[in-house]
Amino acid sequence: MSGFWALIVLGVVQGLTEFLPVSSSGHLVLLSRIFGIEDSLFVSILLHVATLLSVIVVLRKEVWSVVRHPFSDLSRKIITATIPTCFIVLIIYPFITEAFEGAMLPICFMITAIVLLATDFFLQKKKTVSLNMPLSYKQSLIMGAAQGLATLPGISRSGSTICAGVLAGGDREKVAKFSFLMSIPVIFLSMCMEIYKLIKLGSLPAVNVAGLVLGCVAAFIVGVLSIKFMIKLTQKLNFRWFSLYLLILTIITIFV
-17 MSGFWALIVL GVVQGLTEFL PVSSSGHLVL LSRIFGIEDS LFVSILLHVA TLLSVIVVLR
43 KEVWSVVRHP FSDLSRKIIT ATIPTCFIVL IIYPFITEAF EGAMLPICFM ITAIVLLATD
103 FFLQKKKTVS LNMPLSYKQS LIMGAAQGLA TLPGISRSGS TICAGVLAGG DREKVAKFSF
163 LMSIPVIFLS MCMEIYKLIK LGSLPAVNVA GLVLGCVAAF IVGVLSIKFM IKLTQKLNFR
223 WFSLYLLILT IITIFV
């Protein structure tokens, strides 16, 4: 497959998997290896920016509220979640570049599968009744820590943060929406870091520009649909089929 079409496929996959609990970055790394695309970290960050726009569009009321009221309760909770994320990323940063080469994919996919299955099992046994309560700062902190670990490709950001939030007692729909909102500052900071690296190097990676642009458009459109689907799915919280899919993917990545 040519670089042009491969990047479009990556865009569709990014939009589909960013908000499903299967790790979009893990899928991008795996497909980049199959398609022979270098600079998978650079491509991954740009496609993540495209899905970031999806979040802003779908949750525009919440985003606009944060912009208008930067010191509101929601804004402070997003900041609270971002702090442990950044702290953990700084700790594991030496492993991130190696992880984006695909060495840790089988292990990380397996971790996500276990987390999803364990959460699904635990909540069915507990039979928790949602009280529709607002998220607490403690729950935001826990979700932020989960997001930091999910920097590694193969560990689902949405899956780990949503599981962390509901296990901490959060309302499922509120946890899902907050999971998407708290991704905004992290993706933005990642984009700034990548731009800084490009300026420092003084050159752009050898990537098909037209394919990357169309890939970003595809990621945005599919991302909008995926967010709406995931919010509805979280209300039921049946992740066992995603867990089975990730177990199969774990086996595949061992041989790719």
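The numbering of the sequence shown is this note's numbering, which starts it at -17 and goes up by one. For glycine and all other residues, C-beta sits at the position ideal for the given N, C-alpha and C. None of the values given here were measured: they were computed from a predicted structure.
For the beta strand (DSSP E) assignment, the stretch 96 to 178 encloses no uninterrupted run of at least 3 residues.
Setting aside the 5 residues that flank it on each side, Ala201 is surrounded in the same chain by Gly(-7), Gln(-4), Gly(-3), Leu29, Ala32 and Thr33, each with a C-beta closer than 6 Å to its C-beta; the list follows chain order. The Cβ-Cβ distance between Met115 and Asp153 falls below 7 Å. Closest option to Leu207, judged by alpha-carbon separation, among Gly141, Arg222 and Phe1: Phe1.
Taking a cut-off of 8 Å on C-beta distances, the stretch 117 to 135 touches the stretch 59 to 66, as three or more cross pairs fall below it.
Rounded to the nearest angstrom, the gap between the Cα atoms of Leu171 and Ile27 is 10 Å. DSSP places Gly205 within a helical segment (H, G or I) once states are collapsed to three.
Per DSSP, reduced to three states, the secondary structure at His9 is helical. Take Ile124, set aside five residues on each side of it, and the residues of its chain with a beta-carbon closer than 6 Å to its own are Ala146 and Ala150, in chain order. Close CB contacts of Ile70 within its chain, under the 7 Å cut and outside five residues either way in sequence, are with Ala127, Gly130 and Leu131 (chain order).
Secondary structure note for Leu2: it is in no alpha helix (DSSP H), with a DSSP letter that is neither H nor E. Inclusion of Thr216 and Ala158 in the CB contact set at 7 Å is warranted, their separation being smaller than that value.
Each of Val40, Ala81 and Val204 was checked against the Cα of Gly8, and the nearest Cα belongs to Ala81. The beta-carbon separation of Leu(-11) and Asn190, rounded to 6 Å, stays under the 8 Å limit for a contact.
Closest by C-alpha distance to Val40, out of Gly205, Ile169, Ile181 and Phe224, is Gly205.
Around the beta carbon of Gly197, 16 or more other beta carbons sit within 10 angstroms, so the residue counts as buried. With a beta-carbon spacing of about 18 Å, Val(-9) and Tyr227 fall beyond the 8 Å limit used to define contacts. The distance from the Cβ of Ser225 to that of Leu98 is about 4 Å, consistent with a contact at the 8 Å cut-off.
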